[in-house]
Structures are given as structure tokens and as C-alpha cells.
Amino acid sequence: MPSAVPSASALPSPGGSPGSSPSPIASASPAPSPSGTSLASSSPSPVPSPSATAPGPTPTPIQLGAGRILGQDTVGEGDTASGGLGQPVDGIACEPEVTVYHVHSHVSLFVNGVRMAIPDVIGFVNPGPEIRGFTNTAKCVYHIHTHDADGYIHQEAPAPAQFTLGEVFDIWGEPLSSSDIAGFSGQVMAYTATAPTPGYNQTTGPYVPYTGDLRSLVLASHLEIVLEVGPPFVTPPSLPAVIFYTIR
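Okay, so the sequence shown: first residue is 60 according to the working numbering, each after it adds one.
So this is what it looks like as C-alpha cells:
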């Protein structure tokens with residue numbers, strides 16, 4: 060039986076109380092396969108590269124929330140055999156959860172225009188029971204991790220730190236490069252947006268393209284990171300803003 064990890068982060072309530080049965084927020088499009096192509100296609104002709112979805116009305120911001128599933132939940136759960144199994148990863152320890160430093164970022168993943176859910180319990184070793192879609196106990200927890208499949212990246216450490224997106228993927232055990240994201244291969248695009256911090260229920264502002272090294276992207280408080288493998292791509296203004304439910 061996994062032991063409870065001391066935590067000051069019980070299920071957050073402001074704007075993020077999970078319901079009795081969390082339901083996925085997903086596109087009706089077929090889930091892509093790990094090769095980065097759709098399992099099914101409505102058109103017999105190949106999609107030209109690069110391409111983007113046609114701009115439409117500005118989408119409604121997405122309210123993030125504890126215990127939710129954001130996207131098609133077919134990527135898996137937790138760390139792979141190549142990821143964090145309890146040993147230090149990139150110098151990041153797996154230990155009882157501590158929240159002296161406690162901020163949150165969010166990652167959205169689109170493959171061929173379809174939103175995919177970021178797995179829950181990334182960074183958890185021998186996770187405990189899931190309660191309303193949210194896991195809060197484990198044998199040990201890495202300082203950067205996910206509690207649910209909402210895409211929320213929790214950074215909880217004994218001192219302030221500058222964690223990076225590459226470290227998240229190393230703990231997860233999945234590739235992150237300019238041509239491969241979590242096993243989905245193709246042309247890669249990325250965007251970032253920020254929300255005011257500190258403050259509950261803060262909405263991200265305009266998206267800007269990110270053209271730097273994805274692995275070196277620092278996980279700042281209330282930073283939204285959009286990763287896309289395509290084509291096609293979902294581009295601003297068709298990308299919805301997100302609303303962070305935590306204060307930082």
C-alpha cells in the first residue's frame with residue numbers, strides 16, 4: 060500500500076472542484092496514433108504541409124479544474140519505463156511532497172489538430188488511489204508532476220527553482236524535440252501565453268509563437284504552453300485561452 064505523501068495541496072476549490080465523475084473535454088475527431096497521424100480520415104487526399112485550421116470566432120476560454128480530463132485520454136498514464144522510477148532525474152529528487160515553492164503551469168498538446176490529454180500521475184512512483192480524477196498520494200513524488208489529466212503541471216519543491224519543460228518530459232520518459240513530442244512525429248509548432256499571477260481564476264492573454272529550444276522553456280507561474288504536431292495546426296486566434304484555478 061502506498062503511503063500518504065504529506066501535502067498542502069488538497070483538491071483545490073477555487074474554480075476547480077472536481078465533479079463526482081470527471082468527463083473528458085475532447086474533440087470529436089479520431090485520436091491520432093503515436094506516429095502523429097490520425098487513425099481515420101474524412102478525406103482520401105493527403106493534407107498539405109504546412110497548414111492551419113481556418114480562423115473562426117474567438118473560442119471560449121477553458122476553465123481548468125482539478126480532476127478534469129482535457130483532451131482525448133489515449134496517451135497513457137504516469138511515467139514510462141524510461142522515465143522517473145524513483146531515481147533522481149536531471150537532478151530532481153523523488154521524495155515526500157513539499158510545497159515551500161508551489162506554482163503551476165499548463166501544457167496543451169495537439170496532434171493533427173486534435174487535443175490530447177496530458178497523462179495523470181506523471182512524476183508519481185507507486186501512486187495511491189484516484190479520488191474524483193485526482194491523485195494526491197504516492198510512495199514518492201518528483202518536484203514537477205501531474206495529479207490529473209487536465210494538463211496542469213505542478214511545481215512543488217523545498218526551495219524556488221526554475222524547472223523546464225524538458226525536465227517534465229524526462230520524468231515522464233517521453234521525447235521532446237523539434238520533430239517528436241511524446242512519440243508523435245511530424246512538424247512541430249509551439250505557442251505560449253501567460254495569465255496574471257498571483258491570483259485565482261486568471262485568464263491567459265494573447266498567444267505568441269515560441270521558436271526557442273523546447274527543452275529549455277522555463278515553467279513560469281501561470282504559463283500556458285501549447286505544443287502541436289502536424290499538420291494541420293490550431294493557430295491563434297483559434298487557440299482557446301485557459302483559466303488557471305490556483306493562485307500561482
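We put the beta carbon where it would ideally sit given N, CA and C, even for glycine.
> What are the boundary residues of the beta strand (DSSP E) that Leu-282 is part of?
Replying inline: Taken as a continuous stretch (DSSP letters only), the beta strand (DSSP E) holding Leu-282 covers 282-289.
> Counting Cβ pairs closer than 8 Å, one from the stretch 284-295 and one from the stretch 249-264, do we hit at least three?
Replying inline: When Cβ pairs closer than 8 Å are counted between the two stretches, the stretch 284-295 is seen to touch the stretch 249-264, the count reaching three or more.
>> On a Cα-Cα basis, can you pick out the residue from Glu-233, Asp-209, Val-247, Tyr-211 that is closest to Gly-271?
In response: Nearest C-alpha to Gly-271: Val-247.
> Just checking my contact of Ser-320 with Leu-235 at CB under 8 Å: how many whole Å lie between their CB atoms?
Replying inline: Residue 320 lies beyond the stretch modelled for the chain, which goes from 60 to 307, so this question has no answer here.
> On the three-state DSSP scale, how would you describe Asp-239?
Replying inline: In the structure shown, the three-state DSSP call for Asp-239 is strand.
> Whose C-beta lies closer than 7 Å to the C-beta of Arg-274 among residues of the same chain, with five residues either side of it excluded?
Replying inline: If you ignore the 5 residues before and after Arg-274, its C-beta comes within less than 7 Å of the C-beta of Thr-223, Leu-224, Gly-225, Leu-235, all in its own chain and listed in chain order.
>> Could you compute how far the alpha carbon of Ile-308 sits from the alpha carbon of Met-175?
In response: No answer is possible for residue 308: the residues shown for the chain start at 60 and end at 307.
> Helix or strand or just coil, what does DSSP make of Ile-181?
Replying inline: Coil.
> What separation, rounded to the nearest whole angstrom, lies between the Cα atoms of Thr-158 and Ile-151?
Replying inline: The alpha-carbon atoms of Thr-158 and Ile-151 are separated by roughly 15 Å.
> Out of curiosity, what's the CA-to-CA distance linking Ser-167 and Pro-120?
Replying inline: C-alpha separation (whole angstroms): 13 Å.
> When you compare only the Cα positions, how much space is there between Ala-218 and Ala-208?
Replying inline: Computed Cα separation, rounded: 26 Å.
>> Mapping the DSSP letters down to three states, classify Pro-228 as helix, strand or coil.
In response: Checking the displayed sequence, the identity of residue 228 turns out to be Phe instead of Pro. Three-state DSSP puts Phe-228 in a helix.
>> Taking 6 Å as the limit between beta carbons, can you name the residues of its chain near Ile-230, skipping five residues before and five after?
In response: For Ile-230, the CB contacts under 6 Å within the same chain, skipping 5 residues up- and downstream, are Gly-142, Gly-143, Val-148, Gly-182, Tyr-201 in chain order.
> Terminal residues of the continuous beta strand (DSSP E) containing Ile-216?
Replying inline: Looking at the sequence shown, residue 216 is not Ile but Ala. Where Ala-216 is concerned, the enclosing beta strand (DSSP E) stretches over 211-216.
> Which term fits Ile-190, buried or exposed, when burial requires 16 or more other beta carbons within 10 angstroms of its beta carbon?
Replying inline: Exposed.
> Does the beta carbon of Asp-272 come closer than 8 Å to any beta carbon on chain C?
Replying inline: Of the chains in the structure shown, none is chain C; there is only one protein chain.
>> Tell me the DSSP secondary structure of Arg-348 in three-state form.
In response: There is no way to answer for residue 348, as the model of the chain reaches only from 60 to 307.
> Can you tell which of Glu-156, Ser-297, Ser-280 has the C-alpha that lies nearest to the C-alpha of Ile-212?
Replying inline: Measuring from the Cα of Ile-212, the nearest candidate turns out to be Ser-280.
>> Quick check on Pro-257: buried or exposed, where buried means 16 or more other Cβ atoms within 10 Å of its Cβ?
In response: With fewer than 16 other Cβ atoms within 10 Å, it is exposed.
> Considering only the beta carbon of each residue, do Phe-303 and Leu-129 sit closer than 8 Å?
Replying inline: A distance of 8 Å or more separates the beta carbons of Phe-303 and Leu-129.
> What residues are listed by DSSP as bridge partners for Pro-186?
Replying inline: In DSSP, Pro-186 forms a bridge with Ala-197.
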